[in-house]
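Residue numbers (this note's numbering): 49 to 164. The C-beta atom is built at its ideal place from N, Cα and C for all residues, glycine as well.
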């Protein structure tokens, strides 16, 4: 079975898009990184390693040190799909990150985005 296209995109190609979306709305790279760290357990060094290695989105999430246990609190629609109803584990994680970046761009506070 063919993998969804989202799996094969390199994280290094998607990351600048996340940054651009956030910065266009007055948010910062640090906030984007904080969201990624919170969701995946990566830190600055390990995130940079994934980018330099050219990891695809599937590998990026498979190798994530620790998906945040509160990730299941992320609800809503991304790309026409309710994230909490996506059965495929990797696709759900990809959409979780998309949803969090969307919330950042929409002006939500970091406390709300990080489900505190």
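What's the call for residue i, buried or exposed, on a 16-neighbour Cβ count within 10 Å?
i, result
"residue 51", "exposed"
"residue 53", "exposed"
"residue 88", "buried"
For residue i, which residues of its own chain have a beta-carbon under 6 Å away from its beta-carbon, when the five flanking residues on both sides are left out?
i, result
"residue 146", "126"
For residue i, which residues of its own chain have a beta-carbon under 8 Å away from its beta-carbon, when the five flanking residues on both sides are left out?
i, result
"residue 155", "73"
"residue 143", "126, 127, 129, 131, 134"
Thinking C-beta only, is residue j closer than 9 Å to residue i?
i, j, result
"residue 163", "residue 134", "no"
"residue 81", "residue 92", "yes"
"residue 138", "residue 55", "yes"
Measure the C-alpha to C-alpha separation of residue i and residue j and round it to an integer number of angstroms.
i, j, result
"residue 128", "residue 117", "24 Å"
"residue 83", "residue 140", "16 Å"
"residue 76", "residue 100", "21 Å"
Residue i: beta carbon under 8 Å from a heavy atom of the ligand FAD?
i, result
"residue 113", "The model depicted lacks the ligand FAD and carries no ligand whatsoever."
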